[in-house]
């Protein structure tokens, strides 16, 4: 995560999280290690054999030849068009990795563009305390929907109900029968499912969808580490209930970022949107933070704080 | 299938196909029997304990109090608004159970309304020699798409390629690796999948979809008789390839019937659409014809000819 754009050749210490092995299943902390090496502040001519992990970050620009951007130490910016300048600095800067970054626009696009929501819709969100899910729930509440989230701990259930304004929340680990649980929380069925997990939850949701329901498929974390195929029994509901399922990738929608900011910045300033972050201190904590995402250890958007301002 | 609307009490012989047992799995001929009973031509006051099988038919109206319709013998028409009058009688009347009936408008709606087709799209159709599939393929060809169908016999492969104008067709029973077969027929991927079967074919298609591909879910015949859940390994492609999957039920689209007729009647008259029918003679042949649908024995739309004009 740290190389240079300047043409000088000054040597600096550079910390990286390196992926040691290709991970086909679940990543473990032991698959990664943190190294400190020295690096010449010069654009390298050849690619390296190690694989540094990429991520989204917020950086302070110190110097730049670009009219819009200034350089920050130790980052090669090969595609500067992917950067955007932060105009609103009265909100926590870490929000630009979450609420105002990729998770935020993912929630916005998936809910407002894909799900065609309307007031009064019954909305269900899985992984609802995560970086994206917590926002979908709040966007839905702001629109006048009835909102229920599933999460993996009692602590997260409490957060959803007491801090994020969800109407209901449940711990899926305590529900032996997901179909029955959804029936309990949605006796009239689900209009919108914001899909973050896949697997059994998706199958149970299919059975509980209302007519003309919409499912936005944003992430299927249970599939990313998939070894065995997963069973579905309820796909026929797609026909009976005229369900639309749509996958999307947020990169296709970055042109909507200004529209998104126009909506969300006032809500933040008015305190009508809150955002949970799980901040790990120091790049050394990154492997554990990454692994934690797959076991649900994090609460809210997982941020790695590399350096204080 | 035969009761009366007149208020008279004349007794007539009435033939019915009766479902003896509730069928939870695959229907067998032995689950049905054909009975001949006598029936008073009077609207019955109580419901019967037997379950006659309903279907779509073409009838000649002999007498009616309705300004648009005349009665035909032995049919209770409880919802006359579901009937429509046949204006174009220069085409085979059996077409009104197929090409110009529910299968026709199903193909039209599923393809033109759900799949958002455009010229040059790569289109794949399963159960492609069936009542619906053969029409989807021809509609897609008329639009300038590249069209491949899967079917269950060499005879049907030949029909698709030589009679219905498909670009390619294959027998799925001879393809041990469906993913590889689709890759062979669609080296650039599939834009539109008209889904008639579900199961392994759907999973294989998901892996071969192009970006922003569309899947219309019209029928999942492998699900109707489902006992075991089915495995899916490739759902994550919904995200990566931004796929839209949409189920629909043709009853929601009957208002488009005039629009559909305007498109299709000229094509029939010009000989630019052909329609395969599998005509079984006599109501006695109905149980075998119904069972045949689930094993793929029929070729084209299965019609039961109850009476000649």
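Residue numbers (the UniProt record's numbering), protein chains in the order written: chain A, 1 to 309; chain B, 1 to 309. Idealized CB from N, CA, C, for every residue including glycine.
Asked                                                                                                                             : Found
Minimum Cβ-Cβ distance from residue 103 of chain A to chain B less than 7 Å                                                       : no
Beta-carbon gap between residue 121 of chain B and residue 145 of chain B smaller than 7 Å                                        : yes
Range of the contiguous beta strand (DSSP E) that encloses residue 232 of chain B                                                 : 230-232
Neighbourhood of residue 230 of chain B by C-beta, 6 Å cutoff - its chain only, sequence neighbours within 5 removed              : 199
Spatial neighbours of residue 173 of chain A in its chain, beta-carbon cut-off 6 Å, leaving aside the 5 residues before and after : 152
Residue 179 of chain B at chain A interface by Cβ criterion, 7 Å                                                                  : no
Neighbour-count burial assignment, residue 246 of chain B, 16 or more Cβ in a 10 Å radius                                         : buried
Integer-rounded CB distance, given that residue 109 of chain A should sit under 8 Å from residue 267 of chain A                   : About 16 Å; that fails the 8 Å criterion.
DSSP state of residue 124 of chain A mapped onto helix, strand, coil                                                              : strand
Exposed unless 16 or more other CB atoms sit within 10 angstroms - verdict on residue 279 of chain A                              : exposed
Sequence-distant residues of the same chain with beta carbon closer than 7 Å to residue 156 of chain B, five excluded per side    : 129 and 299
Range of the contiguous beta strand (DSSP E) that encloses residue 170 of chain A                                                 : 168-171
Where residue 97 of chain B sits in the DSSP three-state scheme                                                                   : helix
Sequence-distant residues of its chain with Cβ nearer than 8 Å to residue 47 of chain B (five each side left out)                 : Unreliable placement is indicated for residue 47 of chain B, whose pLDDT of 47 sits below 50; no coordinate value is reported for it.
Interface residues of chain A facing residue 229 of chain B [CB-CB closer than 7 Å]                                               : 231, 232 and 233
Nearest neighbour of residue 306 of chain B, chosen from B:206, B:17 and B:11 [CA to CA]                                          : B:17
Backbone secondary structure at residue 308 of chain A - three-state DSSP                                                         : coil
For residue 196 of chain A, three-class secondary structure by DSSP                                                               : coil
Alpha carbon of residue 163 of chain A to alpha carbon of residue 105 of chain B, nearest angstrom                                : 50 Å
CA-to-CA distance, residue 308 of chain B to residue 249 of chain B, given in whole angstroms                                     : 31 Å
Burial state of residue 191 of chain B (16 or more Cβ within 10 Å)                                                                : buried
Beta-carbon proximity of residue 126 of chain B to residue 196 of chain B, cut-off 7 Å                                            : yes
Residue span of the alpha helix (DSSP H) that contains residue 241 of chain A, given as start and end                             : It is not in any alpha helix (DSSP H) - residue 241 of chain A carries neither H nor E in the DSSP assignment.
Contact set between the region 118-142 of chain B and chain A, restricted to residues whose Cβ is under 7 Å from the partner      : none
Neighbour-count burial assignment, residue 93 of chain A, 16 or more Cβ in a 10 Å radius                                          : exposed
Cβ pair residue 212 of chain B, residue 184 of chain B closer than 7 Å                                                            : no
Exposure label - residue 203 of chain A; buried when at least 16 CB within 10 Å                                                   : buried
Pair within 7 Å by beta-carbon distance, residue 208 of chain B and residue 189 of chain B                                        : yes
Contact check, residue 169 of chain B vs residue 194 of chain B, beta carbons under 7 Å                                           : no
Distance CB(residue 147 of chain B)-CB(residue 166 of chain B) smaller than 7 Å                                                   : yes
Assigned secondary structure, residue 317 of chain A (DSSP; H/G/I helix, E/B strand, else coil)                                   : What the structure shows of chain A is the stretch from 1 to 309, and residue 317 of chain A is not part of that stretch, so it cannot be assessed.
Cβ-based contacts, 9 Å cut-off: residues of the region 237-253 of chain A near chain B                                            : 237, 238, 239, 240, 241, 242, 243, 244, 245, 246, 247, 248, 249 and 252
Residue 110 of chain B (DSSP reduced to helix, strand or coil)                                                                    : helix
CB contact check: residue 217 of chain A to chain B, cutoff 7 Å                                                                   : yes
Residue 301 of chain A and residue 284 of chain A closer than 7 Å at C-beta                                                       : no
Inter-residue spacing [alpha-carbon to alpha-carbon] between residue 103 of chain A and residue 21 of chain B                     : 53 Å
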